[in-house]
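J.: As given, the protein sequences belong to chains A and B, one line each in that order. Sequence positions in the first sequence follow numbering that gives the first Met the number 0 and run 0 to 336. Sequence positions in the second sequence follow numbering that gives the first Met the number 0 and run 0 to 336. Think of the CB as a built atom: it goes at the ideal place given N, C-alpha and C, for glycine as much as any other residue. Nothing here was measured: the structure is a model prediction, and the numbers come from that model. Quick one: this structure, given as structure tokens, is what I'll be asking you about.
There are 2 protein chains.
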Amino acid sequence: MGGILDYLKELGMQVDSLIKEALLSETSDEFKDIVLHQVETGGKRVRPALAILSCLACGGSIERALPIAAAIELIHEYSLIFDDIIDRGEIRRGKPTVRKLYGDVMALLAGIHYRESISELVNRSWKAPTLHELVARTIKKIVEGERLDVLFEQAGRSDDYIIKHRYTQVSLEDYFKMIEYKTAALIEAACVAGAIVADAPHEWLEALKDYGRKIGLAFQLIDDLLDIFGEEKVFGKKVGKDIIEHKLGNAVILMSLEELPETDRNALLAILRKDKIEGDDVRRAIEIISKTRARKRVYELARKLVDEAKGSLQILPVSEARRKLLELADFIVERKF
Amino acid sequence: MGGILDYLKELGMQVDSLIKEALLSETSDEFKDIVLHQVETGGKRVRPALAILSCLACGGSIERALPIAAAIELIHEYSLIFDDIIDRGEIRRGKPTVRKLYGDVMALLAGIHYRESISELVNRSWKAPTLHELVARTIKKIVEGERLDVLFEQAGRSDDYIIKHRYTQVSLEDYFKMIEYKTAALIEAACVAGAIVADAPHEWLEALKDYGRKIGLAFQLIDDLLDIFGEEKVFGKKVGKDIIEHKLGNAVILMSLEELPETDRNALLAILRKDKIEGDDVRRAIEIISKTRARKRVYELARKLVDEAKGSLQILPVSEARRKLLELADFIVERKF
Chain A
0 MGGILDYLKE LGMQVDSLIK EALLSETSDE FKDIVLHQVE TGGKRVRPAL AILSCLACGG
60 SIERALPIAA AIELIHEYSL IFDDIIDRGE IRRGKPTVRK LYGDVMALLA GIHYRESISE
120 LVNRSWKAPT LHELVARTIK KIVEGERLDV LFEQAGRSDD YIIKHRYTQV SLEDYFKMIE
180 YKTAALIEAA CVAGAIVADA PHEWLEALKD YGRKIGLAFQ LIDDLLDIFG EEKVFGKKVG
240 KDIIEHKLGN AVILMSLEEL PETDRNALLA ILRKDKIEGD DVRRAIEIIS KTRARKRVYE
300 LARKLVDEAK GSLQILPVSE ARRKLLELAD FIVERKF
Chain B
0 MGGILDYLKE LGMQVDSLIK EALLSETSDE FKDIVLHQVE TGGKRVRPAL AILSCLACGG
60 SIERALPIAA AIELIHEYSL IFDDIIDRGE IRRGKPTVRK LYGDVMALLA GIHYRESISE
120 LVNRSWKAPT LHELVARTIK KIVEGERLDV LFEQAGRSDD YIIKHRYTQV SLEDYFKMIE
180 YKTAALIEAA CVAGAIVADA PHEWLEALKD YGRKIGLAFQ LIDDLLDIFG EEKVFGKKVG
240 KDIIEHKLGN AVILMSLEEL PETDRNALLA ILRKDKIEGD DVRRAIEIIS KTRARKRVYE
300 LARKLVDEAK GSLQILPVSE ARRKLLELAD FIVERKF
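Right under this line is the structure:
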């Protein structure tokens with residue numbers, strides 16, 4: 000199963016030279032290292048691979064897909080730069096974040112610069128006007144998802160506005176809106192963009208849109224699961240990061256809260272609302288969560304979404320690219336955790 | 000002479016409904032107030048007026064100019080949101096800044112949202128692909144200008160990177176590069192955009208480009224002058240704000256440093272390098288600066304640039320719009336100070 004990731008990465012890496020070119024255009028020498036750091040931290044390049052495969056699955060060429068695939072990857076990197084500013088993140092993909100290395104001001108300026116490189120790449124693409132619209136709509140959704148994610152946090156911020164407008168309760172409906180915007184929107188956009196540049200018929204575009212949305216939701220559900228139950232070495236992220244960041248916007252936490260008796264429920268919420276969450280708190284929280292069926296329920300929900308996503312692709316003609324998209328969907332839920 | 004500002008404002012305000020529409024598209028109810036605040040703080044709307052007048056001066060229609068004029072104004076507002084985050088600004092146009100009212104995180108998200116509304120407006124415009132390129136190039140310049148402006152500061156930041164890479168000396172050449180990017184680029188882009196949507200011949204576009212660049216430079220020179228010698232009531236900004244913000248990137252300060260004998264020169268630099276600059280420091284700094292011919296030299300330089308800018312417009316056919324552009328150029332240097 001690991002093979003698909005290597006395959007995607009190889010496919011996705013084809014956008015790297017386009018990305019660098021766009022980032023370095025109109026960039027002073029002194030700013031270049033700062034601007035390149037984020038994309039040089041690595042990443043799986045899943046989103047550009049999705050754009051390319053979606054284009055191929057609709058009979059389009061790889062050349063047609065490359066500029067928008069590069070733009071889609073850059074949107075992801077753009078969102079990470081700002082995400083790290085907002086969450087004061089210091090490590091990303093095992094490396095220091097842009098803000099950690101160069102400070103918040105330079106990270107902010109790099110982020111703004113990224114958005115212009117995205118625009119340059121879209122401009123070079125086939126069907127640029129349609130893609131400009133797609134990109135604008137998608138980034139606005141990511142902003143809305145990030146806004147909700149921050150407001151779902153239970154402590155840890157000093158802004159009066161956030162403290163006042165924080166959600167003290169988060170419903171599953173709220174949660175799904177948040178992840179649909181924060182995560183699924185861009186994955187969906189990657190697939191839609193591939194269909195657009197392939198001049199795909201409406202039904203194929205809709206099929207890929209549905210596929211993208213659903214694997215995007217499943218991707219976030221599994222990420223939430225890995226956050227709580229992942230093995231540090233396999234996963235490469237700190238276990239319990241969402242707990243440490245006071246997040247109620249994690250499917251496992253939310254579903255466990257639904258099941259827990261009042262005492263445990265209050266104990267878990269009390270941990271999330273502590274100003275500073277220590278290692279012992281994280282262990283205690285995971286212990287409480289483990290009493291519930293949340294882990295199994297989240298996995299099953301992701302599995303169901305992925306099966307539906309695969310079903311959506313049945314309308315597309317049989318091809319190597321379609322086969323890879325089906326394989327990718329399975330990989331998303333079967334990641335080690 | 001005050002009439003031109005009212006005229007520009009009336010012209011520029013025609014973009015307000017387009018701006019609001021673009022800002023509110025794909026925006027959740029809870030986010031709307033945050034998103035609208037920046038554009039509701041007022042502003043002179045000089046940039047959209049320049050885009051409209053440039054289009055009219057090339058024989059284009061007002062309708063043709065409106066979407067890109069709205070986008071240009073929104074770029075300005077977008078840059079102000081981030082500028083206030085970077086400089087921890089609390090008051091802008093006599094009102095609390097977005098970050099003061101809603102905190103840095105929401106201001107950041109609002110800023111990112113603004114950029115997508117800009118893209119939506121450009122997309123609606125005549126000659127959208129050319130304008131998308133112009134906008135991307137221009138915003139990258141603004142980023143570079145802001146980067147330099149920050150690195151020209153002499154104290155007041157805790158980022159290791161900035162402390163290490165700060166300019167201890169700023170030449171006039173450095174300064175002009177900084178203001179060309181930070182301020183003149185967008186004013187130039189406003190004029191160029193007007194020419195583009197009017198399908199103007201190459202020479203007219205070049206004339207407006209030169210005009211825009213030069214009035215943009217003059218505009219910043221006079222802003223620097225008003226910062227040091229402006230009357231608080233007339234100007235509406237705190238006098239000596241650049242000194243308080245440790246900025247070496249002010250023409251009056253730089254030109255006075257050229258002239259001052261060593262003792263005064265060191266005294267002025269010592270003030271700019273103080274961690275916390277008080278009212279007495281500002282008064283002392285202005286006193287030192289006043290010993291030089293810097294005030295007069297900066298004014299004369301702005302006057303010269305504006306006269307050249309007016310000269311560039313001679314190639315355009317005589318029209319009411321051209322007359323207003325000429326009048327605007329004069330207004331820029333004759334603002335009260």
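#1: Report the residue ranges of all alpha helix (DSSP H) runs contained in full by the region 262-299 of chain B; include only those spanning at least 4 residues, in chain order.
#2: List the residues of chain A whose Cβ lies closer than 9 angstroms to the Cβ of Lys-246(B), in chain order.
#3: In chain order, what residues of the same chain lie with their CB nearer than 6 angstroms to the CB of Ala-173(B), ignoring the 5 residues before and after it?
#4: Could you check which residue in Gly-93(A), Leu-52(A), Ile-67(A) has the C-alpha nearest to that of Leu-312(A)?
#5: Among Leu-216(A), Ile-162(A), Met-254(A), which has the Cα closest to the Cα of Ala-188(A)?
#6: Quick one: is Leu-10(B) buried, meaning 16 or more other Cβ sit within 10 Å of its Cβ, or exposed?
#7: So, for Leu-267(B): in the same chain, excluding its five sequence neighbours on each side, which residues have a beta-carbon less than 8 angstroms away from its beta-carbon?
#8: Using a C-beta to C-beta distance shorter than 9 angstroms, which residues of chain B count as neighbours of Leu-185(A)?
#9: Determine, using beta-carbon pairs with one atom in the region 138-153 of chain A and one in the region 112-127 of chain B, whether at least three such pairs fall under 8 angstroms.
#10: Could you tell me whether the Cβ atoms of Leu-271(B) and Leu-247(B) are closer together than 8 angstroms?
#11: Specify, as a first and last residue, the run of the alpha helix (DSSP H) that Val-332(A) falls within.
#12: Between which two residues does the alpha helix (DSSP H) containing Arg-346(A) stretch?
#13: Flag Gly-102(A) as yes if its beta-carbon sits less than 8 angstroms from any beta-carbon of chain B, otherwise no.
#14: Out of Glu-89(B), Val-121(B), Lys-275(B), which one is the CA nearest neighbour of Ile-195(B)?
#15: Going by the C-beta, is Leu-133(B) closer than 7 angstroms to any heavy atom of the ligand ATP?
#16: Could you tell me whether the Cβ atoms of Gly-193(A) and Leu-207(A) are closer together than 8 angstroms?
#17: Taking Val-104(B) and Val-104(A) to be in contact with their CB atoms under 8 angstroms, please state how far apart those CB atoms are, rounded to whole angstroms.
#18: Please state the DSSP three-state secondary structure of Lys-126(A).
#19: Taking only beta-carbon positions, decide if His-36(A) is within less than 8 angstroms of chain B.
#20: Closer than 9 angstroms, Cβ to any Cβ of chain B: which residues of the region 118-148 of chain A, in chain order?
#21: So, at 6 angstroms on beta carbons, what are the nonlocal neighbours of Lys-323(B) in its own chain, with the 5 sequence-adjacent residues on each side left out?
#22: Just the C-alpha distance for Leu-304(A) and Gly-93(A), rounded to the nearest angstrom, thanks.
#23: If you draw a straight line from the alpha carbon of Leu-327(A) to that of Ile-3(A), how long is it in whole angstroms?
#24: Taking contact to mean 3 or more Cβ pairs, one atom from each stretch, closer than 8 angstroms, check whether the region 77-90 of chain B and the region 61-68 of chain B are in contact.
#25: DSSP on Gln-13(A), reduced to helix/strand/coil?
#26: With a CB to CB cut of under 8 angstroms and the five nearest residues on each side skipped, what residues in its chain are close to Ser-356(A)?
#27: Between Arg-91(A) and Ala-197(A), which are expected to be in contact by the criterion C-beta below 8 angstroms, what is the C-beta distance as a whole number of angstroms?
#28: Quick check: what's the CA-CA separation for Ala-293(A) versus Leu-147(A)?
#29: Using the beta-carbon of each residue, which ones in chain A are nearer than 8 angstroms to Asp-159(B)?
#30: Between Ser-53(A) and chain B, is the shortest Cβ-Cβ distance under 8 angstroms, so that the two count as touching?
#31: Excluding five sequence neighbours on each side, which residues of the same chain lie with their C-beta closer than 7 angstroms to the C-beta of Val-191(A)?
#32: Just the Cα atoms here: how many angstroms apart are Gly-278(B) and Ala-308(B)?
#33: Any idea what DSSP makes of Lys-237(B), helix, strand or coil?
#34: State the start and end residues of the unbroken alpha helix (DSSP H) segment that holds Lys-349(A).
#35: Leaving out the 5 sequence neighbours to the left and right, which residues in its chain are closer than 7 angstroms to His-164(A) when beta-carbon positions are compared?
#36: Could you work out which residues of chain A lie near Phe-30(B), taking near to mean beta carbons separated by less than 9 angstroms?
T.: Taking the definition as stated:
#1: 278-289
#2: For the purposes of this step, residue 246(B) is identified with residue 247 of the second sequence, where counting begins at 1. Within 9 angstroms of the CB of Lys-246(B), no CB atom of chain A is found; the nearest one sits about 14 angstroms away.
#3: Reading the second sequence from its first residue, position 174 is the one you call residue 173(B). Here residue 173(B) is Asp; the residue named in the question, Ala, does not match the sequence. The answer is none, since no qualifying residue turns up.
#4: Stepping through the first sequence from its first residue, residue 312(A) is reached at position 313. That would be Leu-52(A), whose Cα lies nearest to the Cα of Leu-312(A).
#5: Against the first sequence, residue 188(A) aligns to sequence position 189. When C-alpha distances from Ala-188(A) are compared across Leu-216(A), Ile-162(A), Met-254(A), the shortest belongs to Leu-216(A).
#6: Sequence index remark: in the second sequence, residue 10(B) carries index 11 (1-based). Buried: at least 16 other Cβ atoms inside 10 Å.
#7: Indexing the second sequence from 1 puts residue 267(B) at position 268. Excluding residues within five positions, the ones whose Cβ falls inside 8 angstroms are Ile-252, Ser-255, Leu-256, Leu-259, Ala-284, Ile-287, Ile-288.
#8: Here the question's residue 185(A) lines up with position 186 in the first sequence. Result: empty, since nearest Cβ-Cβ is about 13 angstroms, beyond 9 angstroms.
#9: yes
#10: Taking the first residue of the second sequence as 1, we reach residue 271(B) at position 272. Taking the first residue of the second sequence as 1, we reach residue 247(B) at position 248. In this structure, Leu-247(B) lies closer than 8 angstroms to Leu-271(B) by Cβ.
#11: Here the question's residue 332(A) lines up with position 333 in the first sequence. Counting along the chain, the alpha helix (DSSP H) containing Val-332(A) begins and ends at 319-333.
#12: Residue 346(A) falls outside the range modelled here, since chain A spans only 0 to 336, and no answer is possible.
#13: Counted from its first residue, the first sequence places residue 102(A) at position 103. Yes, Gly-102(A) lies at the interface with chain B (some Cβ there is under 8 angstroms from its Cβ).
#14: For the purposes of this step, residue 195(B) is identified with residue 196 of the second sequence, where counting begins at 1. Looking at the Cα atoms, Val-121(B) is the closest of the given residues.
#15: The ligand content of the structure shown is nil, which means the ligand ATP is not present either.
#16: Position 194 of the first sequence, counting from 1, holds the residue named residue 193(A). Position 208 of the first sequence, counting from 1, holds the residue named residue 207(A). Yes. Within cutoff.
#17: One-based indexing of the second sequence puts residue 104(B) at position 105. One-based indexing of the first sequence puts residue 104(A) at position 105. Actually they do not touch by this definition, with Cβ atoms about 16 angstroms apart.
#18: As a position in the first sequence, residue 126(A) is number 127, starting the count at 1. DSSP places Lys-126(A) in coil when its eight states are reduced to three.
#19: The sequence position of residue 36(A) within the first sequence is 37, counting from 1. No, His-36(A) does not count as interfacial toward chain B.
#20: Within the region 118-148 of chain A, the residues whose Cβ lies closer than 9 angstroms to some Cβ of chain B are Ser-118, Glu-119, Val-121, Asn-122, Ala-127, Pro-128, His-131, Glu-132, Val-134, Ala-135, Arg-136, Thr-137, Ile-138, Lys-139, Lys-140, Ile-141, Val-142, Glu-143, Glu-145, Arg-146, Leu-147, listed in chain order.
#21: Residue mapping note: residue 323(B) aligns to position 324 of the second sequence, counting from 1. Closer than 6 angstroms at the Cβ level, and outside the excluded window around Lys-323(B), lie Leu-52.
#22: Within the first sequence, numbered from 1, the residue matching residue 304(A) stands at position 305. Within the first sequence, numbered from 1, the residue matching residue 93(A) stands at position 94. Whole-angstrom Cα-Cα distance: 30 angstroms.
#23: What you label residue 327(A) is simply residue 328 of the first sequence in a count that begins at 1. What you label residue 3(A) is simply residue 4 of the first sequence in a count that begins at 1. Those two C-alpha atoms are separated by around 7 angstroms.
#24: Counting Cβ pairs under 8 angstroms, fewer than three are found: no touch.
#25: Numbered from its first residue, the first sequence carries residue 13(A) at position 14. Three-state result, Gln-13(A): helix.
#26: Because chain A in this structure spans residues 0 to 336, residue 356(A) falls outside the shown range and cannot be described.
#27: Counted from its first residue, the first sequence places residue 91(A) at position 92. Counted from its first residue, the first sequence places residue 197(A) at position 198. At roughly 32 angstroms, the Cβ-Cβ gap does not stay under 8 angstroms, so Arg-91(A) and Ala-197(A) are not in contact.
#28: The residue given as residue 293(A) occupies position 294 in the first sequence. The residue given as residue 147(A) occupies position 148 in the first sequence. If I take the Cα positions, the gap works out to 22 angstroms.
#29: Within the second sequence, residue 159(B) is the residue found at index 160, counting from 1. Under the 8 angstroms cutoff, chain A gives Gly-102.
#30: Position 54 of the first sequence, counted from the start, is the residue given in the question as residue 53(A). Not one chain B Cβ lies under 8 angstroms of Ser-53(A).
#31: Taking the first sequence and counting its residues from 1, the one referred to as residue 191(A) is at position 192. Counting only Cβ-Cβ distances below 7 angstroms, and skipping sequence neighbours, we find Leu-133, Leu-204, Leu-207, Lys-208, Gly-211.
#32: Counted from its first residue, the second sequence places residue 278(B) at position 279. Counted from its first residue, the second sequence places residue 308(B) at position 309. In a straight line, the C-alpha of Gly-278(B) is about 37 angstroms away from that of Ala-308(B).
#33: Reading the second sequence from its first residue, position 238 is the one you call residue 237(B). DSSP places Lys-237(B) in coil when its eight states are reduced to three.
#34: The structure shown does not extend to residue 349(A), since chain A is modelled only from 0 to 336, so the question has no answer here.
#35: Your numbering for residue 164(A) matches position 165 in the first sequence. Leu-150.
#36: By one-based count along the second sequence, residue 30(B) stands at place 31. Within 9 angstroms Cβ-Cβ: Val-142, Glu-143, Arg-146.
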